[in-house]
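Structure, as structure tokens:
Residue numbers (UniProt numbering): 1 to 342.
Structure follows, in structure tokens:
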């Protein structure tokens, strides 16, 4: 049915309504007029997209930033802000507000997945204002003593918080080919981890940059160092003191997976971050030795390192006694989380 035919029916309905015909013509005319302002996603898009957010095309640093990618980056930051508020007790003090924020967060994902950019932009503005209001309310009730989630429910253990920080620092940590630029999703994880690190002043970070197998050893060494420096730069911006960060670069000598396929090389273009418990007051220094950029003051620290891949685990187990892995603590935390979900 063409636009002119629809317009004809609308005018006819209005004419009959004003000429004494059935009053339902008013409703018909209003519905037809309002339907012209509605648009829908393409068939098969939207729906349960919040459960499949990872299927969206990744935002790579070497691509031009489109409005949709900008909104996805904004959504990532808002999602991390909500996670932080929940950790600070917002779900215990204002459960309804947190529930509504989660609902709107899922709605934004569906709108982005369905190509409804205008709706997503509007809901992002609403979500930003809602989270700001929730943060102010939480600060007010905690400051007045009206709601003290930590005292009522027990403080979050340091090992559980450390495991959460470690997970944030070592997911979505890949880089585009031949690029040291940090991807927006990982940037959001760094912001959340930096916020949580304020409650764990005894921990410091050791960042190791990696490269894939393409290129010369010298070029990969330089590139992996630049990646580590970029991650450190963002952590400094997010408030982590420089004295708590050390960096190293290993080029392509420590791949997470062996192989030369595109997907394998993507995973190997990464940074890995160790969360190290510092029991000494020494400040780490940086120096370039034997082709790798490393921390040369590690002997002054007794530390527990949280590491990710098998090769790093082996190297830590063979290292001096001052750096002992704490995998059992992490596994215990994960087991507790699984029991809570059950």
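We put the beta carbon where it would ideally sit given N, CA and C, even for glycine.
With three or more beta-carbon pairs closer than 8 Å as the criterion, would you say the stretch 209-220 touches the stretch 159-171? With a cut-off of 8 Å, the stretch 159-171 and the stretch 209-220 do not count as touching, because too few Cβ pairs lie within range.
Subject >> Where residue 179 falls: helix, strand or coil (DSSP) >> reply: Of the three classes helix, strand and coil, the one that applies to residue 179 here is coil, per DSSP.
Own chain, CB closer than 7 Å to residue 267, minus 5 neighbours either side, in chain order = The residues are 174, 256, 257.
When 106, 124, 237 are compared against residue 70, the one with the closest alpha-carbon
Nearest C-alpha to residue 70: 124.
Does the stretch 223-231 come close enough to the stretch 117-134 to have 3 or more Cβ pairs within less than 8 Å? Because the criterion of three Cβ pairs below 8 Å is not met, the stretch 223-231 and the stretch 117-134 do not touch.
Exercise. Is the number of C-beta pairs between the stretch 180-191 and the stretch 242-251 that are closer than 8 Å three or more?
Worked result: For the pair of segments examined, the stretch 180-191 was found not to touch the stretch 242-251: the number of CB pairs separated by less than 8 Å stays below three.
query = Which of the three DSSP states, helix, strand or coil, is assigned to residue 97?
reply = Residue state, collapsed to three classes: helix.
**Item:** Exposed unless 16 or more other CB atoms sit within 10 angstroms - verdict on residue 208
**Value:** Buried, because 16 or more other Cβ atoms sit within 10 Å of the Cβ of residue 208.
Query raised in the report: Are the beta-carbon atoms of residue 278 and residue 251 separated by less than 7 Å?
Result: Result no, Cβ atoms of residue 278 and residue 251 do not sit closer than 7 Å.
Requested in this report: Report the option in 205, 224, 196, 213 whose CA atom is closest to the CA atom of residue 180.
Outcome: The candidate whose alpha carbon is nearest that of residue 180 is 224.
Near residue 97, which residues of its chain fall below 6 Å by C-beta distance, leaving aside the five closest residues on each side in sequence?
-> Excluding residues within five positions, the ones whose Cβ falls inside 6 Å are 134.
Continuous alpha helix (DSSP H) stretch holding residue 231: start and end: Its alpha helix (DSSP H) spans residues 217-237.
| field | With 16 other Cβ atoms within 10 Å as the buried cut-off, status of residue 276 | value | It counts as buried.
ask   = Does DSSP put residue 210 in a helix, a strand or coil?
value = Residue state, collapsed to three classes: coil.
### Limits of the beta strand (DSSP E) - the one that residue 275 falls within
Taken as a continuous stretch (DSSP letters only), the beta strand (DSSP E) holding residue 275 covers 271-277.
Practice prompt. In the DSSP assignment, find the alpha helix (DSSP H) that holds residue 125 and state where it starts and stops.
Written response: Taken as a continuous stretch (DSSP letters only), the alpha helix (DSSP H) holding residue 125 covers 117-144.
- Can you tell which of 104, 139, 241 has the C-alpha that lies nearest to the C-alpha of residue 128? Ranking the options by Cα distance to residue 128, first place goes to 104.
* May I have the straight-line CA-CA distance separating residue 240 from residue 265, to the nearest angstrom? => If you take the alpha carbons of residue 240 and residue 265, they lie about 30 Å apart.
N-terminal and C-terminal residue of the alpha helix (DSSP H) that residue 84 is part of
67-87 is the extent of the alpha helix (DSSP H) around residue 84.
Straight-line CA distance for residue 126 to residue 199?
Distance between residue 126 and residue 199, taken at the CA atoms: about 30 Å.
Is residue 167 closer than 7 Å to residue 84 when the C-beta atoms are compared? Against a cut-off of 7 Å, the Cβ pair of residue 167 and residue 84 comes out as no contact.
With 16 other CB atoms within 10 Å as the buried threshold, where does residue 260 fall? Classified as exposed, residue 260 has fewer than 16 neighbouring CB atoms from the shown chains inside 10 Å of its CB.
Query raised in the report: According to the Cβ coordinates, are residue 205 and residue 273 closer than 7 Å?
Result: Less than 7 Å divides the Cβ of residue 205 from the Cβ of residue 273.
**Prompt:** Can you list, in chain order, the residues of its chain whose CB lies under 7 Å from that of residue 82, leaving out five sequence neighbours each side?
**Reply:** So the list reads 101, 105, 131, once near-sequence residues are dropped.
Practice task
Express the C-alpha separation of residue 203 and residue 297 in angstroms, rounding to a whole number.
Solution key: For residue 297, the pLDDT reaches just 38, beneath the cut-off of 50, and the residue's location in the model is therefore unreliable, although a value from the coordinates is still provided. Rounded to whole angstroms, residue 297 to residue 203 spans 15 Å at the Cα level.
Does the Cβ-Cβ distance between residue 74 and residue 188 come in under 7 Å? It is not a contact, given that the beta carbons lie outside the stated cut-off.
Problem set entry | Reference residue 109, options 79, 213, 269, closest by Cα | For residue 109, the closest alpha carbon among the candidates 79, 213, 269 is that of 79.
> In three-state terms, what does DSSP make of residue 266?
Replying inline: Here DSSP, grouped into helix, strand and coil, assigns residue 266 to helix.
DSSP beta-bridge partners of residue 204
For residue 204, the beta-bridge partners assigned by DSSP are 276.
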